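Novice: Numbering (the working numbering), first residue to last: 912 to 1292.
Glycine included, every Cβ here is placed at the ideal spot set by N, Cα and C.
Keep in mind the model is a prediction, meaning the values are calculated, not measured.
Before anything else, here's the structure in question.
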Amino acid sequence: MNNKSSYIELEKQNEELNKTSNKRLKQLLENSFDMIVLLDSNGIQHYVSESCEKILGYRPDELIQIPVIEQLIHPEDQEKVSLAFQDIIKNSTNGGTQYRHKHKNGGWVYLEAVGSNQIDNPLIQSVILNVRDITERKNAEAALIESKARLSELNATKDRFFSIIAHDLKSPFNSIFGFSELLVEQLARKDYQGVEKFAAVINHSSKQAMDLLTNLLEWARAQTGKIEFNPEYIELVTLVNNVTELFNDSAQQKSITIFKDLPHNIPVFADRYMVGTILRNLISNGIKFTHPGGKIRIRTEQNENQLTVSVTDNGVGIEKEAIDKLFRIEYSYSTTGTARESGTGLGLLLCKEFIEVHGGKIWVESEPGNGSTFCFTLPIT
């Protein structure tokens, strides 16, 4: 009788211990930051811990007995997750797989899952996944990558900036100083032969230095965000006419004709100053790289809610491998014009900056010896 009472008492104690153990396990699962998932050999979930609601917004019962990979895993990650699950089935464990899982609010959550195959364990008979939310970590990694890329870009910008100051800006001033010194000596001796030639060189070099300084300052302001974007409805034809007038002298010096194929005055919603700068740089480049007697044509084409502006010349053209470098500061791409005009490539970088502010894009179509067409888009509304 005493033995029977002792046995019953032990059974009660064992039952209490089991209840306590189960409660403790349940509390651990419900309060864990990680999500515990049990799956069958087909990858169907039959248990998901309460923490799924904190991580994914779903109640556990909403994730049971559904094809999770097909329905809730990001399409780009589905194959990776399937292969990872097969690896667990085959090799018992998986060191960790990162993937995107749909949140109930429609967004994506980055998860990392570590798995163990316990299907042959009679007490578990499942694949166990320990799933952790790594969204903050992935966002921090992305921000770090973006920060490194931005730092690299800033370093390239700084290097290019100092290169222009040290070399490109120095060149026209050397001409100005050298020929002005010769001019002073000639005038002191009352020797007027060649004075007009010296003055012309000084004038040309001064304009070159001024153009470079203007682009340099505008570019520096753009890099530091100090140029305000003030879009308004502007008559593009009027703006094109005003800008082309600035190049009458330089075009005439090379006997270059500028044609304008602008069917009607379409109003565009853009920053007048920025668009004027874009046109000025593209027309200037067209004149620079066109042979004497050549042609430049400015066209517009309306396409739904945007306008495409193109500046075409029949000049020297651009090699294919050089086209990819035109709008990238790290390459510092520039060449001399047909009359040995110098350049820095800075104007095209400035064009790209200003066009992207408008939400547009710029590109070039060119073949060596057959001229170039620079196109950019602007919003109409």
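Have a look at G1258, L1173, N1152 and V1227 and flag the residue whose alpha-carbon is nearest the alpha-carbon of G1205.
Specialist: Numbered from 1 along the sequence shown, position 294 holds the residue referred to as residue 1205. It is V1227.
Novice: Using 8 Å as the Cβ pair cut-off and three pairs as the minimum, do the stretch 1150-1159 and the stretch 1108-1126 touch?
Specialist: Judged by Cβ distances under 8 Å, the stretch 1150-1159 makes no contact with the stretch 1108-1126, as fewer than three pairs qualify.
Novice: Is there a C-beta anywhere in chain D that falls below 8 Å from the one on A1060?
Specialist: No chain D appears in this structure, which consists of one protein chain only.
Novice: Compare the Cα-Cα distances from A1133 to each of V1154, K1171, E1156 and M1185 and report the closest residue.
Specialist: The residue given as residue 1133 occupies position 222 in the sequence shown. Checked all of V1154, K1171, E1156 and M1185; the closest Cα to A1133 is M1185.
Novice: Which term fits A1051, buried or exposed, when burial requires 16 or more other beta carbons within 10 angstroms of its beta carbon?
Specialist: Along the sequence shown, read from residue 1 onward, the residue named residue 1051 stands at position 140. So A1051 ends up on the exposed side.
Novice: Just to confirm the assignment, what range does the beta strand (DSSP E) spanning I1039 have?
Specialist: For this step, residue 1039 is matched to residue 128 along the sequence shown. Per DSSP, I1039 belongs to the beta strand (DSSP E) from S1037 to D1044.
Novice: Please check the pair T1046 and V1025, which I expect to be a contact at CB under 8 Å, by giving their CB distance rounded to whole angstroms.
Specialist: Reading the sequence shown from its first residue, position 135 is the one you call residue 1046. Reading the sequence shown from its first residue, position 114 is the one you call residue 1025. Not confirmed; about 17 Å, so no contact.
Novice: Rounded to the nearest angstrom, what separates E1156 and S1166 at their Cα positions?
Specialist: Start at 1 with the first residue of the sequence shown, and residue 1156 comes out as number 245. Start at 1 with the first residue of the sequence shown, and residue 1166 comes out as number 255. E1156 and S1166: Cα-Cα distance of roughly 15 Å.
Novice: In this structure, how does DSSP classify I1294 when only helix, strand and coil are distinguished?
Specialist: Any answer about residue 1294 is impossible in this case: the structure gives the chain only from 912 up to 1292.
Novice: Can you list, in chain order, the residues of its chain whose CB lies under 6 Å from that of H1094, leaving out five sequence neighbours each side?
Specialist: The count along the sequence shown starts at 1 and reaches residue 1094 at position 183. According to the sequence shown, residue 1094 is Leu rather than His. These residues qualify, in order along the chain: F1109.
Novice: May I ask which residues mark the beginning and end of the beta strand (DSSP E) holding T1188?
Specialist: Mapped onto the sequence shown, residue 1188 falls at position 277. Element bounds for T1188: not the beta strand (DSSP E) but the alpha helix (DSSP H), R1183 to K1199.
Novice: Would you kindly report the start and end of the unbroken alpha helix (DSSP H) that includes V1106?
Specialist: Here the question's residue 1106 lines up with position 195 in the sequence shown. From DSSP, the alpha helix (DSSP H) with V1106 extends over V1106 to Q1134.
Novice: Restricting to Cα atoms, I'd like to know which of Q989, F1287 and N1041 is closest to Y958.
Specialist: Residue 958 sits at position 47 when you count from the first residue of the sequence shown. For Y958, the nearest C-alpha among the options comes from N1041.
Novice: Take F1140 and list the residues in its own chain whose beta-carbon comes closer than 6 Å to its own, dropping the five residues that flank it on each side.
Specialist: Your numbering for residue 1140 matches position 229 in the sequence shown. D1182 and V1268, listed in sequence order.
Novice: Where do the ends of the beta strand (DSSP E) carrying K1206 lie?
Specialist: Position 295 of the sequence shown, counted from the first residue, corresponds to residue 1206. Here the beta strand (DSSP E) through K1206 covers K1206 to N1214.
Novice: Measure from the alpha carbon of G968 to the alpha carbon of each residue in L983, N1126 and P978, then state which is nearest.
Specialist: Here residue 968 corresponds to residue number 57 of the sequence shown, with the count starting at 1. When each option's Cα is compared against that of G968, the closest is L983.
Novice: What's the C-alpha gap between G1270 and P1290?
Specialist: Within the sequence shown, the letter at position 359 stands for residue 1270. Within the sequence shown, the letter at position 379 stands for residue 1290. Going by the C-alpha atoms only, they are around 8 Å apart.
Novice: Indicate whether Q989 and I955 have their beta-carbon atoms separated by less than 8 Å.
Specialist: The residue given as residue 989 occupies position 78 in the sequence shown. The residue given as residue 955 occupies position 44 in the sequence shown. Cβ atoms of Q989 and I955: not closer than 8 Å.
Novice: Distance, Cα to Cα, D1070 vs L1259?
Specialist: Within the sequence shown, numbered from 1, the residue matching residue 1070 stands at position 159. Within the sequence shown, numbered from 1, the residue matching residue 1259 stands at position 348. Roughly 17 Å separates the two Cα atoms.
Novice: Can you give me the C-alpha to C-alpha distance between N1159 and S1195, rounded to a whole angstrom?
Specialist: Counting from 1 along the sequence shown, the entry for residue 1159 is found at position 248. Counting from 1 along the sequence shown, the entry for residue 1195 is found at position 284. N1159 and S1195 have their C-alpha atoms roughly 11 Å apart.
Novice: Tell me which residues share the same chain as A1053 and place their Cβ nearer than 7 Å to its Cβ, disregarding the 5 neighbours each side in the sequence.
Specialist: Taking the sequence shown and counting its residues from 1, one reaches residue 1053 at position 142. None.
Novice: Please determine, among S1037, K1015, F996 and G1089, the residue with the shortest C-alpha to C-alpha distance to L949.
Specialist: If you number the sequence shown from 1, residue 949 lands on position 38. For the options S1037, K1015, F996 and G1089, the alpha carbon positioned closest to that of L949 is the one of S1037.
Novice: For V959, does the three-state DSSP call read helix, strand or coil?
Specialist: Start at 1 with the first residue of the sequence shown, and residue 959 comes out as number 48. Here V959 sits in strand by DSSP.
Novice: Measure how close the beta-carbons of A995 and T1004 come, nearest whole angstrom, since I'm counting them as under 8 Å.
Specialist: Numbered from its first residue, the sequence shown carries residue 995 at position 84. Numbered from its first residue, the sequence shown carries residue 1004 at position 93. With a Cβ gap of about 11 Å, A995 and T1004 do not count as contacting.
Novice: Assess, as a yes-or-no matter, whether the stretch 1059-1067 is touched by the stretch 1085-1094 under the definition of 3 or more beta carbon pairs within less than 8 Å.
Specialist: No, the stretch 1085-1094 is not in contact with the stretch 1059-1067.
Novice: Considering only the beta carbon of each residue, do T1223 and T1284 sit closer than 8 Å?
Specialist: On the sequence shown, position 312 is the one that residue 1223 refers to. On the sequence shown, position 373 is the one that residue 1284 refers to. Yes. Within cutoff.
Novice: Exposed or buried, what is S952 when buried is set at 16 or more other beta-carbons lying within 10 Å of its beta-carbon?
Specialist: Locating residue 952 in the sequence shown gives position 41, where the first residue counts as 1. Flag for S952 reads exposed.
Novice: What do you reckon, are the CB atoms on D1044 and I947 nearer than 8 Å?
Specialist: Within the sequence shown, numbered from 1, the residue matching residue 1044 stands at position 133. Within the sequence shown, numbered from 1, the residue matching residue 947 stands at position 36. Contact: no.
Novice: State the Cα-Cα distance for the pair I1035 and Q1029, rounded to the nearest angstrom.
Specialist: Walking along the sequence shown from the start, residue 1035 turns up at place 124. Walking along the sequence shown from the start, residue 1029 turns up at place 118. I1035 and Q1029: Cα-Cα distance of roughly 6 Å.
Novice: Excluding the five sequence neighbours on either side, which residues of its own chain have a C-beta within less than 7 Å of the C-beta of L1261, listed in chain order?
Specialist: The count along the sequence shown starts at 1 and reaches residue 1261 at position 350. For L1261, where only same-chain residues beyond five positions count, the Cβ hits under 7 Å are N1126, E1129, W1130, A1133, T1188 and N1192.
Novice: Round the Cβ separation of R1239 and S1221 to the nearest angstrom and send it over; I've been treating them as touching at under 8 Å.
Specialist: On the sequence shown, residue 1239 is found 328 positions in, with the first residue counted as 1. On the sequence shown, residue 1221 is found 310 positions in, with the first residue counted as 1. Not really, about 21 Å apart at Cβ, beyond 8 Å.
Novice: Please classify K1263 as buried or exposed, where buried requires at least 16 other C-beta atoms within 10 Å of its C-beta.
Specialist: Indexing the sequence shown from 1 puts residue 1263 at position 352. With a threshold of 16 other beta carbon atoms within 10 Å, K1263 meets it and is buried.
Novice: On the CB-based measure, 16 or more other CB atoms within 10 Å of its CB, does I1138 come out buried or exposed?
Specialist: The residue you call residue 1138 lines up with position 227 of the sequence shown. Classification of I1138: buried, given that the 10 Å Cβ count is 16 or more.
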